[in-house]
Amino acid sequence: MAKASASSQGWLGPIRAWVAAQPLARLSYAALLIVLLGSAPFGGWRSTASDAVAQAAPGEVLSTGQLEITMERAIWSTRPALTFSANKRGVYVLVLGTARVVGDQTVGFQGIADSMRLLGVEDLYRTPNGTEKQTSPADQVAPELWYRDDATRLGALGPGMTYGVAFVFERRGAGSTLGDTLPVTVYRDTYRRHSINGDMEWLDPTPAYRLVLPLEERPPVSEDAP
Amino acid sequence: MSSTPPPLGPGRRRRKATAALLVVAALAVGRVVTDRLPGDDVTDRPFTVTGSLTDEVALRTGSVRVLELHGAPTIDTGIDGYRTPGLWLTASLRFVPSDGTSTLSYAAVRSRDGRVWTADGRNRISCPLMVALVPSRCVLNIEVAPEALPGAELLLAPLSTDQRRDSMAVIDLGITAEQVTQWQAQTQTVVLPDVEVGVA
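As you go down the protein sequences, you meet chains C and Y in turn.
Numbering follows the numbering used here, with no gaps: position 128 of the first sequence is 150.
Numbering follows the numbering used here, with no gaps: position 177 of the second sequence is 175.
In structure tokens, the structure reads:
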């Protein structure tokens, strides 16, 4: 009878017996090893992209995913152009460079807003949700993008054109002073399917590059200037 | 009193194997069918209505016709003056809502190679929300890479936020390379006309 039972279990019999004889810890390690080996054909062993933040130099072309941007220098002023209102309670901080769309579609407000932050700079000012402005942590303060040739605000960028731009921040409070350099962090988005609406979108802005730009003061422009 | 389950007979084993094979086959067929069904990019496409520069194009919400088309390196909107690293394309349009209150709030220029410049930011379409059968003049300005303008099309739709499964006018602007060269050389600023209600 015993012989008949063993043959009915076939080749699984010895394996079952061996598994039953093993301690639980060893079985756990074996299961983990099997999962690891089994994941190999599906990319489980593929190396992932490094999430380290790279050090970049002024003027270097940096990719945010949707945009290619360069940043050359920074200025601060209470009124950098006539199209700005004179700032009596703080200063405007402008990062000067270029921006160009990588793909074939217009990049809107969010793609611009996600592109960079001034991490490490205090007392940056913003308008959260359309309410009154308030100072906020630097990682929450998005820039406005202005076109330098006519000093007007760009709410979107179309493909195929390189814009000379200023990433504009406002800073208030006299608690700290600006030095002669400005730390800038450039973010990169990931193109993936949105988990709620199912659309392919640029999401998850993550710090990708860090650079330090020379910063200098600019005297305010005057209505009376020639 | 442990009891060993009775061994499977050859018939029962065959039935189990057949069932497993049928499940796998059903899954494979399902996968093949879903792979061949059109995706969202096809099923959500707007219903396009094509026309040329002089045509009256009928949309779900009304009809539209291009009245004027210009290009220039600088424009004056009446509020701001804009330059561009490309070329400003400006147009005035006649829009007549057909049934109920309507407007045009989506505009874009699409090049032959599929690039799209949308009315977003300082690129704008200004069109009054108007009751049925009352014509209005809408105005648009979009900055475009100059080399993309020959053969470009103007896209117009009722809603700026969502064009899926809605009607969309696709108007061949008939722009030539010579025209683009002339527009690039233009030194005079193009002043955008005002939005008007009741235009003929």
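Cβ coordinates follow ideal geometry from the N, Cα and C atoms, glycine included.
Just so we're clear, the structure is a prediction, and the values are computed from it rather than from any experiment.
Whole angstroms is fine: what's the gap from Q161/Y's alpha carbon to G84/Y's? Their backbone Cα atoms lie some 26 Å apart in a straight line.
Would you kindly check if the distance between the Cβ of M166/Y and the Cβ of T207/Y is under 8 Å?
There is no way to answer for residue 207/Y, as the model of chain Y reaches only from -1 to 198.
| request: Could you tell me which of R95/C, D145/C, L176/C, A173/C sits nearest to D161/C, measuring between CA atoms? | output: Considering only alpha carbons, the answer is D145/C.
Q: Express the C-alpha separation of V83/C and T116/Y in angstroms, rounding to a whole number.
A: One C-alpha to the other measures close to 25 Å.
Notebook entry, point to check: Leaving out five residues before and five after A18/Y in sequence, what residues of the same chain have Cβ atoms less than 8 Å from its Cβ?
Noted result: Correct list: empty, nothing qualifies.
Per DSSP, cross-strand counterpart(s) of I140/Y
According to DSSP, I140/Y bridges with L87/Y.
- request: May I have the straight-line CA-CA distance separating Y51/C from P45/C, to the nearest angstrom?
  value: Cα-Cα distance, rounded: 10 Å.
| T146/Y CB to nearest chain C CB: under 8 Å? | According to the sequence provided, residue 146/Y is Ala. The question's Thr does not apply to it. Chain C, which has a Cβ nearer than 8 Å to the Cβ of A146/Y, makes this yes.
Check: To which residues of the same chain is D74/Y closer than 6 Å at the C-beta, ignoring the five residues directly before and after it?
Finding: Apart from sequence neighbours up to five positions away, the residues of its chain that approach D74/Y with a beta-carbon distance below 6 Å are T187, V189, ordered along the chain.
When the distance is taken between beta carbons, is R240/C closer than 8 Å to S99/C? Against a cut-off of 8 Å, the Cβ pair of R240/C and S99/C comes out as a contact.
Whole-Å CB distance - V197/Y paired with R92/Y, under 8 Å assumed: Beta-carbon to beta-carbon, V197/Y and R92/Y are separated by about 6 Å, close enough to satisfy the 8 Å threshold.
query: Under 7 Å from any heavy atom of the ligand SAH, does the C-beta of G195/C make it?
result: As presented, the structure is devoid of all ligands, the ligand SAH included, so that no description of it is given.
Item to complete: Give the residues of chain C in contact with T116/Y, contact being defined as C-beta atoms less than 9 Å apart.
Response: Within 9 Å Cβ-Cβ: Q127, T128, G130, A178, G180.
Name, going along the chain, the residues of the region 46 to 74 of chain Y whose beta-carbon falls closer than 7 Å to a beta-carbon of chain C. If the cut-off is 7 Å between Cβ atoms, the region 46 to 74 of chain Y has nothing near chain C.
Practice prompt. Measure the Cβ-Cβ separation of P140/C and L200/C and say whether it is below 8 Å.
Written response: In the sequence under discussion, the amino acid at residue 140/C is Leu, which differs from the Pro named in the question. No, the pair does not count as a contact, with Cβ atoms beyond the cut-off.
(Q) Closest to I134/C by C-alpha separation, out of Q156/C, A121/C, D126/C, would be which residue? (A) Out of Q156/C, A121/C, D126/C, A121/C has the C-alpha closest to the C-alpha of I134/C.
**OP:** Taking 8 Å as the threshold, find out whether the region 166 to 183 of chain Y comes into contact with the region 132 to 149 of chain Y through three or more Cβ pairs.
**Re:** Yes, the region 166 to 183 of chain Y is in contact with the region 132 to 149 of chain Y.
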